[in-house]
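Using the UniProt record's numbering, you'd call the opening residue of the sequence shown number 1 and step up by one each time.
Written out below as C-alpha cells is the structure these notes cover.
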Amino acid sequence: MLQSPTPTELMTFCQDQSDATPNEPSSSLRDPKLLEVPHARSRSTSLNLSTTVSTDAGSSERHLLGSGHRNVPPSSPKSSDAALRPDPGDEHLFNIDENPFAFSPGQLGKLISPKSLAAFVSLGGLAGLVRGLKSDRQNGIGADERHIAESITFDQATADTSSQDPSPHDQRTSPSPAQHKGKEQAPFVDRKRVFGENQLPERKSKSFLQLAWIALQDRVLILLSVAAIVSLALGLYQTFGQSHHEGAKVEWVEGVAIIVAIAIVVFVGALNDWQKERQFRKLNRKKEDRLVKVVRSGSPVTLSVHDVVVGDVMMLEPGDVIPADGVFIDGHNVSCDESSATGESDLVKKRPGDDVFRELRQGQIPRLKKMDPFIISGARVLDGVGTFLVTAVGQNSSHGKTMMSLREDPGLTPLQSKLNVLAGYIAKLGSGAGCLLFFVLLIEFLARLPGNDESPEEKGQNFLQILITSITIIVVAVPEGLPLAVTLSLAFATRRMTRENNLVRHLQSCETMGNATVICSDKTGTLTENVMTVVSGALGSEPTLLFDTGGDGTTVETVCAKDEHVSGAAPTDAEPEHLSSIQLNQISSKLDTEFQGFLRAAIASNTTAFEGKDGSGQTFVGTKTETALLAWARRCFGLGPLSVERANDSLQQLFPFNSQHKCMGAVVQLTQHIKSTSGPRYRLFVKGAPEVVLAQCTGTLDDVTALPARVPLSDSGRDDIKRIISRFASRSLRTLALAYRDFDRWPPEASDTAGTGAESSDVALTDISRDMTWIGVVGIQDPVRQGVPAAIEECRAASVSVKMVTGDNIETARAIGRECGILDAQHENSGAVMEGQQFRQLSDEDRASVAKDLCVLARSSPEDKRILVKVLKDLEEIVAVTGDGTNDAPALKVADVGFSMGITGTEVAKEASDIILMDDNFASIVKALGWGRAINDSVKKFLQFQLTVNITAVVITFVTAVSDSEETSVLNAVQLLWVNLIMDTFAALALATDPPSESTLHRRPEPRAASLITLTMWKMILGQSIYQLVVCFVLWFSGPSTLGYPEKQLRTLIFNVFVFMQIFKLVNSRRIDNQLNIFEGLHRNWLFFFMMAIMVGGQMIIIFVGGEAFVVVRLTGTQWAISICLGFGSIPIGILIRLFPDSILRRCGETVKKHWPRWLRFPAKKGRDEESISPPVGSDRYNAVFFGIRDDLDFLRRVRGGRIRALSEALSRSDEAERASHQPILRASSRTRNRSSSARSSNLPPISPMLSAVGMPGIVFASVGGLSPVEPHSPDR
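The following block contains the structure:
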C-alpha cells in the first residue's frame, strides 16, 4: 500500500515526473497537472463544471487565471519556496515588520493570483491557513480582538497534521486580545496593519488650484487675457509715460478690470467643479458600502463590507457579490459565476478546502479534476450556502487589484451629450458673429486711419478695444453653462434623492426616469411592508385542521364565509365534515406533542436564517418569509435556539430556494421519527409554492391532533387543499406549503431519483421532490404599505402605468392588486391578470397586444419579468423595473431604469441596477420619477434663459458697435463678462436646483425623440428676445433726444436695464409650459433667492462703485426706477407670450421651414441615430454616443480648450474604462461603423462663420417650425 505523499513530495513529483506519460505506472500519482486547479476551458465548450469529469489527463493543462485572469501554462514548483516566490515588484508584500501571523499578504496572494493548489498545499491547506491567521473555522475571530498577544511562525502553521483529520472544533486558534493600557484602541489593529483594510484608497481628486488651472486653459479666455494684458501695458504707458490731459489717469483701469473679471469667472467655475466633485465623491462612497455577514466569536454578525478583515469567516448566500478572496470552508451546493472576475463563463462549483487537501495528499487525480476551493472577490454566488476564510482584502484582493488598475472617470449622461451637441452649434453661431463683428469694425477702423490724428498708442488701444469686444462676444456666445447646468442639476438631485431613499448608481437613470411610461414593480417589500406574520394555516388533509388568528373568537369558517363574495375567489362547496377549526393561539394544545417536534424539525432545518440580536433582544435574521415561519414555530410550538434544533437532526444537504422551481429543501439524518422505532434514516423536508409542492405529493397525514400517520392523498383531499389555498390567497395572504419524503440511504439510490444515483452534492431537488407527503399550508400576512395606493394614483395622474410582477399565486396577486389600486373594476375581467407561464407561452404578437393592458403578472419567474420588459420596450415604452433577486439581473439590465432593493436585494441585483431603493418602498420610485422630471425641467429652464441672453447680448453688441461712430458697443467687455457670469453660473445654480413642483407629475412623459427645446420654449425665447431688443434699441437710438441724458449716463442706464431684464427673466424662466404661476414651489428653493440677491447686490455695487473699471456712472432715483420697471416688464410680457396660441407660431414656423433656402440648412449628421444620443440606460449601445459626441465637441475644444478640453479627455477615459469594465461593451465592427460615419460627416463642407452669423436670425425662426441641427430620427431608422 502506497503511503500518502506529503505536500513537499507532491510538488517534487510534479517536477521530476513532468515528462512521464499517462500510461506510466507512476503517472497517476505524479501527474504534472496534479496541483493545478482544473476545468480551464474555452468559452465555446462552457457548461456546468460540477457535472464534468475529464478522463484525459491532459485536459487540464493550464492554471486558472493569473493576475490578469488569463489562462497561463502552469509552473511546476519544486518546493514551497518556489510556489510562494515573490513576483518582481511585489517583494514589499512578503516582508512585513513585526508580523504576528504566519503568513504575509504576498504569500496569501499567491493562492488566487493565479489560482494555485501548489500554494494552497505550501500554506498547509485550510487547517494551516486557519492556524496561521489566528482564526477559527467555526467561531471566526474574536469580536473584541485588537492586538495579537502571541505570534505564530510559518513552520508552526504549516506543520503536518495528517495523522488526524481536522475537525471543525479542534482548530480553535483565535487568540485572546492583548491588553494595552491607556485609551481604548480600534479593533483588529494588527490585522489591518499587516493585511490592510477592505476598501480601496480613495482616488485623489483635483485640488481647487488644479481645477482653476484647467478652467484657465480656456483658449478664448487666454486670448482675452493676452489682449487685456496688452491693453493694460498700453494704458500704463499712456498714464505714466506720456503727458496727460486734465482728469483722472484711468487708461489702465479697463485692462485691470478685464483681468479681474476673468479671475472671477475662473474662480467661480473652479468652485463649481470642486463642489461637483465633492458631491459625486460622497455618492460613490455610499454606493460602495454594503452589509455582509460574518461569524465572530461564534455568532453571525452583519457589518459593513469595509469592516471585513483577513481571518474573518464570511457567510455565502445566493446573490452575494463576494467582497474578498478566500478559501471555501464548508457549505451546500455553492456554485459561483466567476465570469466578471476571470472572463470564463463556466459555473464553478466550490469544494471544501479540507476535501481538496485530502485528495491532494492521496493523489486521486480523477476526483481532483473537479476540485476548486478558491473564492474570488468580485465573483457572484449563484447557488448554495456556506462559509469561507478570508485571505485577502482591499487592494490586495484580486478584484481590488483590477479596480485599482481601472479607476475610471464617469462618462457623460445622454442629456449632457445632447446639450454639448447643441452648445457646439450655438458656439459656431456666436463665433461667427464675433468674427463678423471683428472684420466689420476692422474695416471701419482701417477706413478712418488716413484722417485720424490720434497718437499711435491711442490707435493701438482702439484696435485692442475692437479685438477685446469681438473676443468677449465669443466668450458670451459659447454656452459652457449648458453642461454645467445639467451637472449641477444631477449633483443636487442625486443628493436630494439619497435623502429620499434613492441611491443613484448611474447618473443617466435620473434623466431617463423622468420620461418613464411604465413601472414594473415587485410586490413583496415594495408594494407591501415586508413585515410577515403567519395568521392562518391548514395541517394534514384527512381530516384537515384549520387555524386562524383573532382574539375575537372569529374562526376560519366564518372568515371564509365572509370572503365568499370576493371576485375571483374559487367557488366553494359546502364545508366537508372532516374540517375542524381552531384559533391560532390554541394550536399547541390541540396538536400531538411528537408531531409538534416534527414541525419544529421541518421548519428549523429547512432554512438559511440564523439568530441575531437587535435592540429588542434575540431575533431571526433572514428572508421575511423564513423569519415569519420561524417566529410562528417559536410562538406556537416552543421552537428553541436554532443551533440546538439543528443539532438534534444532522443536516446532510441543503437545497436553497430557487425562483424557477419555487421551492427549497433540506435533508436531515433522523435520530427519531414519528411512529416506529425502526424506519427511514434520512428525511427530505420541502417548502415552497403550494401548487408546486402539492403536485408532487401522493400522500398526506391523517389526524394531526393524535399521532399522525401517512395515508394516501385522495382526490377529494387534494380538492379541499386547493380550496383552502384559494381562500387564503383571496384574503391577500401569501401561501407556503410544507411536505416531506423519507429515504433509507443518502445519497439516494437511482430508483429514488428522477435521474441516476450520484454523490449528494450532485443531486438536484427536482430529482427527489416527488412521491412526497403533504404536511400543510400556512397563510402569511404582508400588509400593503401605507402610502402605496396614493403613490399609484400619482403615477396614474402622471400617465405612468404600473404593473405588478410577483411570484405569488394569481388569487393573492389579484387581491393585492385591488388593495393597492393597480387593479380596478375596469380591468378586473379584461385580461389584466395573467400567470407568468401563460404569458410566456403566447406568441410575440399576442404578447404585444396583452402587455399594454396587463396589470398583474402572477406566479412569474425572473425570465417572465425580462420578457415583459422587452415586449414593453419594443412597444416604444420607457420602462422602469424593480428587482431583488440574483435572477432579476437580466430584467434590470434590459430595462431603461432598474431599481434594486436596498434591504432585501442581493448584491448581484444591486450591481445590475441603476438606482437602489434604500427603503424598498414603491413611494420612493414615484419620488425618483418626480426628480427625473425636475432634472429635465431644470435644464430646459436654463436653456430657455440662456438662449434669450445669447441672442440679445450678441445682437445688441453687434448693432451698437457697428452703428457707433467710435466703434464701441453699448456693452463693453467687462460688462459682458459680468453678464456671462450671471448667465453661466448664477442662473445655472438658481434654476438647476429647483425641486419637483406639485404640477410636475400632472403631465404626460416626453417621448424618446422629444426635442430639447419645445415650441412653447421657442415662443418664450423669441418673445422675450424681441422685447429686450426693442427696449435697448429704443433707449440707444432715441434716448439722447427723448431722455436728454449724457452719453455715459445713457450707456449706464442701458446696461442696468439689460441686466435687470435678465434678472426678472430668470424668474419668468421657472416655467417651460403655458401655465401662468411662475412662483410655484419657489419657497422650497432657498438657493434661488440667494442667487437673486447676489445678482441684484452685485449689479448695485457695480453701478455705485464700479466707476471707470466698468465704465459706468451713478444713476439717479428716476433712472433706477426706469431700470427696475423695464426689467420687471419681462414678467407681464411673459404672461402675454404664454397666452399667445402655440398653433399660430407652429404654422408660421412650418411656412419658414418650407421656404428656407437649402444652402443655409445645417447638413445632417450621418451615422448617429437617436438611440446613440439618448440610448436606454444600461445598454451597450450607449457607448457609441462617445464617438459622435467627441466629434461634435471638436469645434468647442479647438475654440475653447480648458474645461471643454478636460470634458473631451473625460470622454476618452470613459470610453476606455467602459471597454475595460464590460466584456465586451462595444463590438469592433460597431466602433468601426461609428468612426467611419464620423469621418463621412467630417468630409461635409464646413459652415462659414460669416454665413453662420448672417443666417442666425433665420435659424432661430426656422427652428420653431421644426428645423433643428440635432434632428430627431425615427426609432426604426
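Every residue gets a Cβ at the ideal spot worked out from N, C-alpha and C, and that includes glycine.
- Runs of the alpha helix (DSSP H) lying entirely within the segment 632 to 687, each at least 4 residues long, are 642 to 648 in chain order.
- Check the Cα spacing between Q138 and each of S299, E202 and S225: the tightest is with S299.
- Runs of beta strand (DSSP E) with 3 or more residues, each lying fully within the UniProt domain "P-type ATPase A" (289 to 404), are found at 291 to 296, 299 to 304, 313 to 316, 325 to 337, 347 to 349 and 380 to 392, listed in chain order.
- For Q781, the enclosing beta strand (DSSP E) starts and ends at M772 to Q781.
- One thing to note: H399 has its Cβ within 8 Å of the Cβ of S377.
- Going by C-alpha positions, G142 is about 8 Å away from S135.
- 8 Å or more divides the Cβ of V1057 from the Cβ of L1139.
- Residue range F922 to S963 is occupied by the alpha helix (DSSP H) that includes R933.
- Taking a 10 Å sphere around the C-beta of C1148, we find fewer than 16 other C-beta atoms and assign the residue as exposed.
- L1139: member of the alpha helix (DSSP H) spanning S1130 to L1139, first to last residue.
- Around I951, the same chain offers S1025 as residues with beta carbons nearer than 6 Å, after the five sequence neighbours per side are excluded.
- Within the same chain, G1039 come within 6 Å of L1050 by CB-CB distance, once the 5 residues on both sides are set aside.
- At a Cβ-Cβ threshold of 8 Å, I1102 and W978 count as neighbours.
- Counting of Cβ neighbours within 10 angstroms places F685 among the buried residues, the total reaching 16 or more.
- Per the coordinates, the alpha-carbon of F1089 lies some 16 Å from the alpha-carbon of K941.
- As computed with DSSP, C520 is found in a beta bridge with K803 and V881.
- Going by DSSP, E835 is part of the beta strand (DSSP E) stretching over V833 to E835.
- Where D744 is concerned, there is no enclosing alpha helix (DSSP H), because DSSP gives it neither an H nor an E.
- In this structure, A1093 is the residue among Q1075, A1093, G1044 and G787 with its C-alpha nearest to the C-alpha of F1064.
- Contact between the segment 851 to 859 and the segment 801 to 821 is present, with at least three C-beta pairs closer than 8 Å.
- Annotated three-state conformation of R734 is strand, per DSSP.
- Residues V869, V879, A880 and V881 of the same chain have their beta carbon placed closer than 7 Å to that of A895, with the five preceding and five following residues left out of the count.
- A contact between stretches requires three or more CB pairs, one per stretch, nearer than 8 Å, and the segment 318 to 333 meets this requirement with the segment 373 to 390.
- In this structure, E811 lies near A729, with their beta-carbon atoms less than 8 Å apart.
- One thing to note: E835 has its Cβ no nearer than 8 Å to the Cβ of R814.
- DSSP places G109 within a helical segment (H, G or I) once states are collapsed to three.
- Per DSSP, the beta-bridge partners of F620 are E611.
- Note: G537 is bridge-paired with F547 and V778 in the DSSP secondary-structure output.
- With the rule of 3 Cβ pairs closer than 8 Å, the segment 986 to 996 counts as touching the segment 486 to 498.
- According to DSSP, residue pairing for V504 in a beta bridge involves I915.
- The closest CA to that of R285, considering only V504, N452 and S122, is found on V504.
- With fewer than 16 other beta carbons inside 10 angstroms of its own, I1131 counts as exposed.
- If you draw a straight line from the Cα of F103 to the Cα of D97, it is about 12 Å long.
- DSSP places V897 in the uninterrupted beta strand (DSSP E) bounded by V897 to M901.
- Around the beta carbon of I792, 16 or more other beta carbons lie within 10 angstroms, which makes this residue buried.
- Ranked by Cα distance from N887, the first of Q660, L738 and I443 is Q660.
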